[in-house]
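Asks: This is the structure, below, for whatever I ask next.
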Amino acid sequence: MRIDIITCLPRLLDSPFSDSILKRAQQKGLVTVQVHDLREYATNKHRSIDDYAFGGGAGMVMQIEPIDNCIMALKASRTYDEIIYMSPDGNLFSQAIANELSLKKNIILLCGHYKGVDERVREHLITREISIGDYVLSGGELAAAVISDAVIRLLPGVLSDESSALTDSFQDGLVAPPVYTRPAEYKGWKVPDVLLSGHELKIESWKHEKSLERTKLKRPGLINE
Ligand code: ADE
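Using our numbering, the first residue of the sequence shown is number 13, and each one after it goes up by one.
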């Protein structure tokens with residue numbers, strides 16, 4: 013899979029991809045993440061990528077031309093399955109959308125800033141809009157990192173078997189059960205006996221029961237939906 017991220021603040025995306033699972037996934041060749049500095053696609057002398065809003069109003073608006081130039085340059089090399097604009101008013105991101113995106117070959121994530129992008133970008137250049145929650149971030153970069161992380165960990169070979177994404181919360185419509193590690197007792201706080209019993213069937217049914225219990229408590233909407 014290949015993820016191209018278009019941003020006017022490329023450095024914001026340095027660290028999420030240079031550590032741990034996302035770093036290893038790239039080293040193993042399972043994903044290519046390429047960050048593109050929008051300013052390099054600006055044609056004016058000052059390489060500015062934003063301007064005042066027509067009709068007035070506070071805040072600058074990202075111009076269509078550098079965005080179009082960048083997308084056209086990328087499209088010249090490959091076909092994209094999705095061109096996604098990160099926006100607080102987009103479709104709410106979910107595990108289901110992460111699963112869906114993990115099956116794509118090439119995607120572009122476009123990060124907005126300031127007051128957002130010229131509406132014609134949304135009308136003509138992108139295929140969908142995704143929000144990571146009902147709150148406004150300073151820009152789409154952190155949202156793009158969140159989406160990339162959720163998608164990349166699903167790619168075959170990225171996680172080892174024991175940390176398989178299939179046992180993640182939400183994958184089976186339930187949140188994950190509690191987990192424990194050594195010591196079996198700490199300050200009198202004990203690990204549930206069943207987990208130490210070695211009885212696989214009992215352990216599996218305990219985990220399922222706890223998942224259900226937790227889902228009802230923490231995410232009742234998942235059960236009623
Ligand atoms: N850009 C600003 N806020 C955002 C959000 N909540 N989700 C996605 N992109 C954003």
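Beta carbons are placed, not taken as given, at the ideal position from N, Cα and C, and that holds for glycine.
Being a predicted model, the structure only gives us computed values, none of them experimental.
1) Return the Cβ separation of Ala-108 and Ile-17 in integer angstroms, given the expectation that the two are a contact with Cβ distance under 8 Å.
2) Please report the residue range of the alpha helix (DSSP H) in which Met-84 lies.
3) Kindly list the residues whose CB is nearer than 7 Å to the CB of Gly-124, restricted to its own chain and excluding five residues on each side of it in sequence; keep chain order.
4) Short of 7 Å in beta carbon distance, which residues of its chain neighbour Ile-235, apart from the five on each side in sequence? Order them along the chain.
5) By the DSSP assignment, the beta strand (DSSP E) with Val-45 in it spans what residues?
6) Buried or exposed, going by whether 16 or more other CB atoms sit within 10 Å of the CB of Leu-137?
7) Can you tell me whether Asp-205 is helix, strand or coil according to DSSP?
8) With H, G and I counted as helix, E and B as strand and the rest as coil, what does DSSP make of Leu-122?
9) Helix, strand or coil for Ser-150 per DSSP?
10) What is the rounded straight-line gap between the Cα of Leu-207 and the Cα of Ser-223?
11) Taking 6 Å as the cut-off, is the CB of Met-98 close to at least one heavy atom of ligand 1?
Replies: Taking the definition as stated:
1) No, Ala-108 and Ile-17 are not in contact; Cβ-Cβ is about 22 Å, not under 8 Å.
2) 76–87
3) Met-74, Tyr-97, Met-98, Ser-99, Gly-151, Gly-152
4) Thr-227, Lys-228
5) Looking at the DSSP string, the run of the beta strand (DSSP E) that includes Val-45 is 44–49.
6) buried
7) Taken through DSSP and simplified to helix, strand or coil, Asp-205 comes out as helix.
8) strand
9) Correct three-state label for Ser-150: coil.
10) 15 Å
11) yes
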